[in-house]
Structure formats: C-alpha cells, structure tokens
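Undergrad: For the sequence shown, counting from 1, position 282 maps to 282 in full-length UniProt numbering; every step adds exactly one. Every residue, glycine too, gets a C-beta built ideally from N, C-alpha and C. Computed from a prediction, not measured in an experiment: that's the story for all the values here.
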Amino acid sequence: MKTPVIMDMDPGHDDVIALFLAAGHPDMDIRAVTTVSGNADIGKTTRNALVAADTAGLDKVPVAEGAGRPLVRMPEHAPSIHGESGLDGPALPVPAHMVEERHAVDVMEEVLLHSEEDITVIATGPLTNVALLCRKNPKAARRIRRLSIMGGGTFGNWTPAAEFNIYADAEAAEIVFASGIPITMCGLDVTHQALASESVVERIKEIPTMAAQFTYELLDHFQRAYEERFHLALPPVHDPCAVAVCLAPSLFTFESADVKVETAGKHTYGETVIDTTAGGPVQIAVDIDNDKFWGLIVQSLKNLP
Ligand code: RIB
Ligand code: CA
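1) Taking 7 Å as the cut-off, is the CB of MET150 close to at least one heavy atom of ligand 2?
2) Consider the C-beta atom of ALA56 and the heavy atoms of ligand 1; say whether any pair is separated by less than 7 Å.
3) Would you mind reading off the limits of the alpha helix (DSSP H) that contains ALA173?
4) What I want to know is whether the C-beta of MET9 ends up closer than 7 Å to one or more non-hydrogen atoms of ligand 2.
5) Does the beta-carbon distance from PRO70 to ALA168 come in below 8 Å?
6) Restricting to runs no shorter than 4 residues, where is the alpha helix (DSSP H) found entirely within the segment 128–199?
7) Between LEU58, ALA40, ASP59, which lies nearest to GLY68 when the distance is taken from Cα to Cα?
8) For a test of the three-state rule: what should DSSP assign to PRO236, helix, strand or coil?
9) Cβ-heavy atom distance between PHE164 and ligand 1 below 7 Å?
10) Hey, how far is the Cα of PRO138 from the Cα of HIS25?
11) Assign GLU262 to one of three DSSP states: helix, strand, or coil.
12) I need the DSSP call for MET108, collapsed to helix, strand or coil.
13) Distance check for THR277 and HIS97, CA to CA, integer angstroms please.
14) How about ASP88: is its Cβ closer than 7 Å to a heavy atom in ligand 2?
15) Quick one, which of GLN283, GLU76, PRO75, PRO126 has its alpha-carbon nearest GLY180's?
16) Give me the Cα-Cα distance between LYS136 and ALA64, rounded to the nearest whole angstrom.
17) If you reduce the DSSP assignment to three classes, tell me which class ILE207 lands in.
18) Would you call PHE230 buried or exposed, if buried means 16 or more other Cβ atoms sit within 10 Å of its Cβ?
19) Which one of CYS134, THR159, ASN165 has the shortest CA to CA distance from ILE149?
20) Going by the DSSP bridge assignment, what does ASP29 pair with across the sheet?
21) Taking ILE17 and LEU234 to be in contact with their CB atoms under 8 Å, please state how far apart those CB atoms are, rounded to whole angstroms.
22) Can you name, in chain order, every residue of its own chain whose Cβ lies under 6 Å from the Cβ of LYS260, other than the five neighbours on each side?
23) Secondary structure at SER85, three-state DSSP: helix, strand or coil?
24) Can you tell me whether ASP287 is buried or exposed, with buried defined as 16 or more other CB within 10 angstroms of its CB?
25) Tell me MET98's beta-bridge partners as DSSP assigns them.
26) Who are ALA53's beta bridge partners in DSSP?
27) Any contact between the segment 75–93 and the segment 209–228? By contact I mean 3 or more CB pairs, one from each, below 8 Å.
28) Could you check whether the Cβ of ASP275 sits closer than 7 Å to any heavy atom belonging to ligand 1?
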C-alpha cells in the first residue's frame, strides 16, 4: 500500500536526498513538491527543487513555489552550509520541469481536499507553508494524516537553543505544533545520528544512476561544509530522517512529548521546549539504526534514473 505524500522543503542538500529517498521507494507516492524560503531564498529553493525533480524523474509531480519569507521575521538563510545557490556542489542545469502557476499552499489545499485518502505531509524546511495552510483552510489541514518534520531538538545548530528550520520561522512552528495535526518530529537528537560515513559515500559513488551521482556530489560539499562550520568530520544528513520514519518506523525509537515553541525569548527564540514527563501528542524520534537508514537511501538511489 503506497503512502501518498506532499514534500514541503527548502532544498538544500539534505532536502534533495530526502526527495530521492521518497521518489525511489515503491511504498511512497509523491503527490506534490512544495518549496519554502529557508536554506536559500525562495527563487533558489524552487529552482533547486525543479532540478531535483528532473534528476529523480518526477516529471508528473507538480512542483509549486511557496512562502518567500517567514510569517513575522525577515528571511534567514544558510549559505555557510548550502552555499549561495542553496545546492552548491553539483552542476545545476536549467530545469526542464516547470513550476506550477499556483501557490504552494493552494496546491497543498487542493491535493488534500481532492484526495480519496488522507495525505502525509513531510516538511523538511521552515513550517511557513504548513502554518499558512492551517490558517487558510483548517478543513484541508485536517486531511493531513500525519505531519513528519525535520526540526527542533533538545539543542540548537543555528543558535545554542534553536535548530535552523524552527528558528527560521518560530511563529509558523508555534501554529503548527498547536494545530492538532498528528506530528512526528525528527529533531537534531536523532538526525545527528544519521551520519554519512566515508563507506556509505563510497557505496553511493558506485551506483550508476544520475540520482546517485548527484547525491555523491551533494554529500561531498555537505561534508566539507559541516567540517568547516561545525568541525564535524561526518555530516548529519537531517532531512531523509523525516521520510524514513514514514517508510520504516521500526528503524527508530520514539518518545511521546508535549512540544512548545519559544517565540519571545531574546536568546531562546526558536527553541523547541520538549516535555516528555507526561507524554504528549508529538511523536519524537530519539534513536535510529543508521546502517539500515542508509540502506534505504542506497536502495532508493538504485531505483532512480
Ligand atoms: O537544521 C537542519 C535543517 O535546516 C535541515 O532541514 C536543513 O536542510 C536546513 O533546512
Ligand atoms: Ca531542509
């Protein structure tokens, strides 16, 4: 039984690998790709999503451009990690895939309202589009079977308190966490276990598909950026975790928690305040079988063009 999904993202090296994992897996049916400002400005994240869709052979999947800035604050980007293009490393051809005329939130709304079955939304960037959908059409938001996000955690990577996706639009994250949508959260506590080892990178380099070669070039840049910016020898590849928890939850350990988002703290803006003492509505991934996680990615890359 295929899982119908909408991929909302800010590509972004790890966003693209998340898209490839979903596109190459037989149990996932991508109904739409939507973009948001985050790792780079909206024009770049949308161009990058179109290039990724071309590379994955997603000719029939609509790609729609979303919010160009957060709900309240000014845009936050991450060129120190993803480069000026948002996808430094591989050559970025002019995409063949055309972007939708309609706004991403309108496309999300239409897909959700017209689908026979409820849809899983996988959000690997700031939550601006999902928050706008919640405000625009709560009925459509209620058709979200589960929202799987990469974001948050008990520590930060953009400030000491905040992870980038939440920090980039904490007001949006606050709306989404209070929406009642069932949420699975892959925060830094689990994504920092999803390390791209040298042996995995070499395995990917040997796969004779466009998607695998593109991924190899993405990981090469990503590894150097993480070493320079964070002094980490191996890069945590965050976003595919939000796909893998939908495809193979048995690879993860979860805790249930109540999650609040800090939007007023001078030094803690964007912090996810995670309370596991009495459980709660959010399913938080806390551990991952990293070998089997990369096995999923390798198999998907083999299945792609
Ligand atoms: O903090 C990591 C997250 O921020 C990832 O989704 C990465 O792509 C960036 O968006
Ligand atoms: Ca991302």
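TA: Based on what the coordinates show:
1) Sequence index remark: in the sequence shown, residue 150 carries index 150 (1-based). The answer is yes for MET150.
2) Numbered from its first residue, the sequence shown carries residue 56 at position 56. For ligand 1, not one heavy atom lies less than 7 Å from the Cβ of ALA56.
3) Counting from one through the sequence shown, the residue named residue 173 turns up at place 173. Looking at the DSSP string, the run of the alpha helix (DSSP H) that includes ALA173 is 170–177.
4) In the sequence shown, residue 9 corresponds to position 9, counting from 1. Correct: MET9 has its Cβ closer than 7 Å to ligand 2.
5) Here residue 70 refers to the residue found at position 70 when the sequence shown is read from its first residue. Here residue 168 refers to the residue found at position 168 when the sequence shown is read from its first residue. Cβ distance < 8 Å, so PRO70 and ALA168 count as in contact.
6) 128–136, 138–141, 164–168, 170–177, 188–191
7) Translated into the one-based positions of the sequence shown, residue 68 becomes position 68. Of the candidates LEU58, ALA40, ASP59, the one whose C-alpha sits nearest the C-alpha of GLY68 is ALA40.
8) On the sequence shown, residue 236 is found 236 positions in, with the first residue counted as 1. Here PRO236 sits in strand by DSSP.
9) The count along the sequence shown starts at 1 and reaches residue 164 at position 164. PHE164 Cβ: within cutoff of ligand 1.
10) Translated into positions along the sequence shown, residue 138 becomes position 138. Translated into positions along the sequence shown, residue 25 becomes position 25. Using only the alpha carbons, I get a separation of about 30 Å.
11) As a position in the sequence shown, residue 262 is number 262, starting the count at 1. If DSSP states are grouped into helix, strand and coil, GLU262 belongs with coil.
12) As a first step, residue 108 is located in the sequence shown; it is residue number 108 there, counting from the start. It is helical.
13) Within the sequence shown, the letter at position 97 stands for residue 97. Within the sequence shown, the letter at position 277 stands for residue 277. Cα to Cα, HIS97 sits roughly 47 Å from THR277.
14) For this step, residue 88 is matched to residue 88 along the sequence shown. No.
15) Residue numbering aside, residue 180 sits at position 180 when the sequence shown is read from its first letter. When each option's Cα is compared against that of GLY180, the closest is GLN283.
16) To locate residue 136, count along the sequence shown from 1; it is residue 136. To locate residue 64, count along the sequence shown from 1; it is residue 64. Spanning the two alpha carbons is a distance of roughly 17 Å.
17) Taking the first residue of the sequence shown as 1, we reach residue 207 at position 207. In the structure shown, ILE207 sits in coil (DSSP, three-state: anything other than H, G, I, E or B).
18) As a working mapping, residue 230 is identified with position 230 in the sequence shown. Label assigned to PHE230: exposed.
19) In the sequence shown, the residue the question calls residue 149 occupies position 149. It is ASN165.
20) To locate residue 29, count along the sequence shown from 1; it is residue 29. For ASP29, which the question treats as bridged, DSSP gives the partners PRO4.
21) Here residue 17 corresponds to residue number 17 of the sequence shown, with the count starting at 1. Here residue 234 corresponds to residue number 234 of the sequence shown, with the count starting at 1. Going by Cβ atoms, the distance from ILE17 to LEU234 rounds to 15 Å, so no, they are not a contact pair.
22) Taking the first residue of the sequence shown as 1, we reach residue 260 at position 260. Excluding sequence neighbours, LYS260 sits near VAL273.
23) Position 85 of the sequence shown holds residue 85. Three-state DSSP puts SER85 in coil, outside helix and strand.
24) As a first step, residue 287 is located in the sequence shown; it is residue number 287 there, counting from the start. It counts as exposed.
25) Position 98 of the sequence shown, counted from the first residue, corresponds to residue 98. In the DSSP output, where bridge partners are listed per residue, MET98 has none listed.
26) Locating residue 53 in the sequence shown gives position 53, counting from the first residue. Answer is none; ALA53 lacks a bridge partner.
27) yes
28) To locate residue 275, count along the sequence shown from 1; it is residue 275. No, since every heavy atom of ligand 1 falls outside the 7 Å radius drawn around the Cβ of ASP275.
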